[in-house]
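Colleague: The structure that follows is given in the form of structure tokens.
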Amino acid sequence: MKVSVIPILDVAPIYLGDQQGFFKEEGLKLELVTAQGGAAIVPAVVSGQVDFGFSNFTSLIVAASKGLPLKVVAPGAASTGEQDKDFGGVVVKADSPIKTAKDLAGKRVAVNTLNNINDTTVRASIRAAGGDAKNVSFTELAFPDMLAALDKGNVDAVQVVEPFLATAKKNGDRVIASNYVDTAPNLAIAGYFTSQQTAAAKADLVKRFSAAMQKSLKYATENPDAVRKVLGTYTKIDPALTESLTLPTYPAEVDAASLETLSKLALQDGLIDKAPDLAGLRP
Numbered sequence: 006m007k008v009s010v011i012p013i014l015d016v017a018p019i020y021l022g023d024q025q026g027f028f029k030e031e032g033l034k035l036e037l038v039t040a041q042g043g044a045a046i047v048p049a050v051v052s053g054q055v056d057f058g059f060s061n062f063t064s065l066i067v068a069a070s071k072g073l074p075l076k077v078v079a080p081g082a083a084s085t086g087e088q089d090k091d092f093g094g095v096v097v098k099a100d101s102p103i104k105t106a107k108d109l110a111g112k113r114v115a116v117n118t119l120n121n122i123n124d125t126t127v128r129a130s131i132r133a134a135g136g137d138a139k140n141v142s143f144t145e146l147a148f149p150d151m152l153a154a155l156d157k158g159n160v161d162a163v164q165v166v167e168p169f170l171a172t173a174k175k176n177g178d179r180v181i182a183s184n185y186v187d188t189a190p191n192l193a194i195a196g197y198f199t200s201q202q203t204a205a206a207k208a209d210l211v212k213r214f215s216a217a218m219q220k221s222l223k224y225a226t227e228n229p230d231a232v233r234k235v236l237g238t239y240t241k242i243d244p245a246l247t248e249s250l251t252l253p254t255y256p257a258e259v260d261a262a263s264l265e266t267l268s269k270l271a272l273q274d275g276l277i278d279k280a281p282d283l284a285g286l287r288p
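Take 6 as the starting number for the sequence shown in our numbering and just add one per residue.
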């Protein structure tokens with residue numbers, strides 16, 4: 006069974022669950038395939054190249070608005086809800102004149118994929134700080150490439166998640182906004198999904214995958230040290246940084262209010278023309 010994921014802290018539970026045998030208990034053998042972002046994973050799932058995928062909810066909302074038949078089968082990750090203590094943020098160089106999100110107007114900001122939860126929530130941070138969210142130039146870069154681009158001056162700011170956030174702080178970079186926290190309380194960030202075709206044709210497979218994921222999310226919540234440790238198996242993080250990582254929350258269910266907020270932002274930012282039915286985005 007193929008599952009497409011992004012090599013970031015958010016997906017630690019699925020790696021832990023595999024290690025702990027939760028998928029094996031359900032009669033499943035995982036093959037984890039990595040991708041740059043959720044927007045790239047959606048077509049792989051819809052076309053049947055992979056059985057399940059991990060994606061941010063904005064990318065799933067955009068896909069649903071285009072009529073793509075998706076079904077979320079398990080939660081993925083959510084914000085801590087705490088300013089300056091979240092697992093994602095907007096980072097600038099130490100000597101940058103940018104002090105708050107308001108100063109991002111007219112600047113170049115890197116996100117992992119365009120038209121997803123990261124540029125949408127950065128805009129929300131800019132608005133919250135009283136800035137012009139329309140006058141920002143977003144650049145698409147893979148998370149592992151962002152800090153080098155920032156260092157070279159190719160971009161003015163980057164939106165990163167762990168483990169890259171801890172690396173940025175170690176480098177002396179400054180966090181100027183907790184974009185997920187600025188968007189909504191305990192924002193639901195991402196989930197695991199399949200196509201409606203797979204959900205209908207392989208209902209038992211979906212049920213078993215969902216059950217294994219729930220065990221994995223619970224285990225990750227209860228064993229933060231294991232989350233930090235497993236990260237070294239699928240990212241190139243410096244082992245010395247694992248203790249300083251800020252972990253996301255791994256919720257047992259998808260927050261419906263978060264989906265409504267993200268849908269409204271996608272409409273406001275012109276990512277979609279019409280708000281989709283969000284029923285399929287809740288397990």
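Ideal placement from N, C-alpha and C gives every residue a C-beta, glycine not left out.
All values reported here derive from a predicted model rather than from experimental measurement.
In three-state DSSP terms, what is VAL127?
Modeller: As a first step, residue 127 must be located in the sequence shown, where it is residue number 122. Helix at VAL127.
Colleague: Out of curiosity, what's the CA-to-CA distance linking THR125 and VAL47?
Modeller: Residue numbering aside, residue 125 sits at position 120 when the sequence shown is read from its first letter. Residue numbering aside, residue 47 sits at position 42 when the sequence shown is read from its first letter. Distance between the alpha carbons of THR125 and VAL47: 18 Å.
Colleague: Nearest to THR39 by alpha carbon, out of PHE28, ILE19, GLU31, LYS139?
Modeller: Translated into the one-based positions of the sequence shown, residue 39 becomes position 34. For THR39, the nearest C-alpha among the options comes from ILE19.
Colleague: Taking C-alpha atoms, which residue in PHE214, VAL95, ASN61, ASP209 lies nearest to LEU264?
Modeller: For the purposes of this step, residue 264 is taken as the residue at position 259 of the sequence shown. Of the listed residues, the one whose Cα sits closest to LEU264 is ASN61.
Colleague: Label ASN176 either buried or exposed according to how many other C-beta atoms from any shown protein chain fall within 10 Å of its C-beta, with 16 as the threshold for buried.
Modeller: As a working mapping, residue 176 is identified with position 171 in the sequence shown. By the 10 Å Cβ count, ASN176 comes out exposed.
Colleague: Is it a yes or a no for the segment 60-77 touching the segment 195-202, going by three-plus beta-carbon pairs under 8 Å?
Modeller: In short, these stretches touch, since the Cβ pair count reaches three.
Colleague: Kindly list the residues whose CB is nearer than 7 Å to the CB of ALA45, restricted to its own chain and excluding five residues on each side of it in sequence; keep chain order.
Modeller: To locate residue 45, count along the sequence shown from 1; it is residue 40. Once the five neighbours on either side are set aside, the close Cβ partners of ALA45 are THR118.
Colleague: Nearest to GLU31 by CA position, among ILE242, ILE277, VAL211, is which residue?
Modeller: Counting from one through the sequence shown, the residue named residue 31 turns up at place 26. Ranking the options by Cα distance to GLU31, first place goes to VAL211.
Colleague: Who are the Cβ neighbours of GLY42 in its own chain at under 7 Å, not counting the five residues just before and after it?
Modeller: Here the question's residue 42 lines up with position 37 in the sequence shown. Same-chain partners within the cutoff: ILE11, ASN117, THR118, ASN121.
Colleague: Let me know the alpha helix (DSSP H) ranges lying completely inside the segment 167-219, each 4 residues or longer, listed in chain order.
Modeller: Fully enclosed alpha helix (DSSP H) runs of 4 or longer: 169-175, 184-188, 201-206.
Colleague: ALA83 lies in the beta strand (DSSP E); which residues open and close that run?
Modeller: Along the sequence shown, read from residue 1 onward, the residue named residue 83 stands at position 78. Segment 75-83, the beta strand (DSSP E) holding ALA83.
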